[in-house]
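If you read the sequence shown in the numbering used here, its first letter stands for residue 435, the second for the next number, and so on. One structure is given here, and the rest of the page talks about it.
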Amino acid sequence: MLARIIQFRYLFVVFIFGVLGFSLWWAETQMRLELFPNDEMDAFFIRGKLPITATMDQTVDAFRVVEDLVRELPDTELENFVTYVGLIQNDPGDPFAENGSNIGQIAVYLTPLSDRDRLAHDIMEDIRRKMPDVARRAGLVSWNLDPVRTGPPVGKPLAIQIRGDDFQQLLPIADEVQRLVEAVPGTKDIAIDYSRGKDELQITIDRVAASRALLTPADISRQVLTAFEGSIATWIRDSGDRIPVRVQFAEPKKKTLDTLSSLHIANAHGRLIPLSEVASFTVSPGVRQLLHRDGFRTIQLTANIDPDVSDSTRVNQALEPDMRKIEERHPGVFIKLGGEYEETTDSMQSLFEAFAVAVGLIFMILTFQFGSVSQPFVVMTAVPFGVVGAIWALHFHGMPLSFVGLLGLVGLSGVVVNDSIVLIDFVNKARERGLGIVEAAIYAGGRRFRAVWLTTITTVIGLVPTVYGIGGMDRFVRPAAVTMGYGLLFGTVLVLLFVPALYVIRTDIGRVLLWLGRKIFGEVPPEPELEEKHPPQPPRPPVAT
């Protein structure tokens, strides 16, 4: 078989490079890229908001309705759940935790994956289909489901930060961005972290009028604070305890604008001045919290992405041109695509840098070992063809391209070249013994066939328990085992077939260059490596079958 491949080596090499190109195209266009797949997650949040005027008791009643939906999960899937009313946060140290009487969340904890038939993703989709009716009965104005992600923190699959100096300018832009996100297939659980607070009563002091009335802003603010928050007027004793007497408006009067209009402020001479003569009053929507990132006021829009439809990279790349157009229309507004997309970009850059360093070091070592620059190129061809096996292995196992899987490829690059090194070394030794180039390539392939396959099979068998969960499944490291195992398996096949053919082609190219050199420059000293040797009685090499 090897002799036939070497005979039609150019056709075979073109075919193999075609397979490589098609595989890379398939990975780029058809496979999703997910930094850390969430297949093994065993918890998720159900979050919701009521109208801003809702009390804590109303929020409790609303989430009891949602709890009934959670209780419908079978015991084989539901471990337990915890309801938080008045709080939304990812973890106790979440710097962007949100508080309010109208918000809440339910943390749903699932049984281990080995004890249930459905993935957490499927359970969440089942709840998501039922939530619209439940939210209507509970009175929720908005809701979303968020998975508790495993692995290192990478942020939301889609996180768009809209930065500027004025929230009133950012709000309509956030609405526009939300409409654009909703139009992208696969986006779901869209949420904006800007929370409208309760109405605020703002007092604007007329400094000229206040000065004529002998009032300072401090006098006005202090006496308004006393009226609404109270101040200690005196102390009384009861059984030896000192009890403060706090003076303030009665509770009903605190909630009307007329109370402020009728409030009188004592000036420096003790004269009572109506507050309405020195100040004006306006009621405006309040803001629950002001979020800043890099010194700018920021509104962040987040969303999850259905892995069966798209991935974070494709969605962000589809939205980026629209974000740049919005920036052009609104000077002073900056839009940043962060979250998982930003982490993926940074991680991929670091990974490819590490891969380039690894390949470069391998090439340098091989150059010194073989004393040749062209032979290391032949050896290194095993690396990209190991990638072919890894790509199709991930595809047929239903796994996305992930950081851990690509990390396995970096490790694979150092393993798969070992067989190439041994094979090329055998070819060189056969040439030293007097065999021709084609005979040496066939001889080396036949002699090293059994040894190469034995070392490959033992390595692959060692990875099988991790790939298929024999004795326990660890989905976090599984992609690395898949890429290394199948990449090594496919790469070994190509080492035994492709590398000898490419070695002979390398010699063919060298002869052509030598012939051109003689034509152009005259007599050129021959390269011993390119000269065919014809010993009197060369040993007949075995032919690989």
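For glycine and all other residues, C-beta sits at the position ideal for the given N, C-alpha and C. As the structure is a computational prediction, the values presented were derived from the model and not from experiment.
Check	Outcome
Residues of its chain near residue 443, where Cβ-Cβ distance is below 7 Å and the 5 sequence neighbours each way are ignored	935, 938, 939
Simplified DSSP assignment, three categories, for residue 506	coil
Reference residue 641; option with closest CA among 652, 814, 634	652
Burial state of residue 502, where buried means 16 or more other Cβ atoms lie within 10 Å	exposed
Supposed close pair residue 699, residue 649 - CB separation, criterion 8 Å	6 Å
Extent of the continuous alpha helix (DSSP H) to which residue 749 belongs	746 to 763
Distance, residue 486 Cα to residue 691 Cα	20 Å
Any 3 or more C-beta pairs closer than 8 Å across the region 883 to 894 and the region 782 to 799	no
For residue 496 and residue 490, the rounded distance between their alpha carbons	10 Å
Helix, strand or coil at residue 623 according to DSSP, with G and I counted as helix	strand
Residue environment, residue 600, which counts as buried when at least 16 other CB atoms sit within 10 Å	exposed
Beta-carbon proximity check, residue 921 vs residue 792, cutoff 8 Å	no
First through last residue of the beta strand (DSSP E) which encompasses residue 452	Here residue 452 belongs to no beta strand (DSSP E); instead the alpha helix (DSSP H) covers 443 to 463.
Whole-angstrom distance between residue 581 and residue 499, CA atom to CA atom	21 Å
Span separating the alpha-carbon of residue 764 from that of residue 606	11 Å
C-alpha gap between residue 972 and residue 809, whole angstroms	In this predicted model, residue 972 has a pLDDT of only 48, less than 50, meaning its place in the structure is not dependable; the value taken from the coordinates is given anyway. Approximately 24 Å, taken between the alpha carbons.
Residue 772 and residue 569 closer than 8 Å at C-beta	no
Own chain residues within Cβ distance below 7 Å of residue 565, not counting five before or after	577
Which of helix, strand or coil DSSP assigns to residue 695	helix
Cβ separation of residue 908 and residue 737, assumed to be a contact under 8 Å, to the nearest whole Å	Incorrect: roughly 29 Å between the Cβ atoms, too far for contact.
Through-space distance from residue 850 to residue 895, alpha-carbon basis	16 Å
Buried/exposed call for residue 528, threshold 16 Cβ in 10 Å	exposed
Where the alpha helix (DSSP H) containing residue 742 begins and where it ends	No alpha helix (DSSP H) holds residue 742; DSSP gives it neither H nor E.
Cβ neighbour criterion (16 or more within 10 Å) applied to residue 877	buried
Assigned exposure category for residue 979 - 16 Cβ within 10 Å defines buried	Legend: pLDDT at residue 979 = 43, less than 50; position of this residue unreliable, value from coordinates given subsequently. Exposed: under 16 other Cβ atoms inside 10 Å.
Same chain, Cβ closer than 7 Å to residue 807, five either side skipped, listed in chain order	801
Per DSSP, cross-strand counterpart(s) of residue 768	597
Cβ-based neighbour list, residue 679, same chain, cut-off 8 Å, excluding 5 preceding and 5 following	666, 667, 668, 669, 670
Sub-8 Å separation of residue 774 and residue 590 beta-carbons	yes
Cα-Cα separation between residue 853 and residue 512, rounded to whole angstroms	50 Å
Residue range of the unbroken beta strand (DSSP E) whose run includes residue 532	532 to 544
Residue nearest to residue 583 in terms of C-alpha spacing, selected from 857, 595, 543	543
Cβ neighbour criterion (16 or more within 10 Å) applied to residue 441	exposed
DSSP three-state assignment for residue 978, whether helix, strand or coil	Note on residue 978: pLDDT 49, under 50, position unreliable in the model; the coordinate value appears next. Here residue 978 sits in coil by DSSP.
Residue from 914, 813, 769, 458 whose Cα sits closest to the Cα of residue 836	914
Residue 781 in three-state terms, based on DSSP	helix
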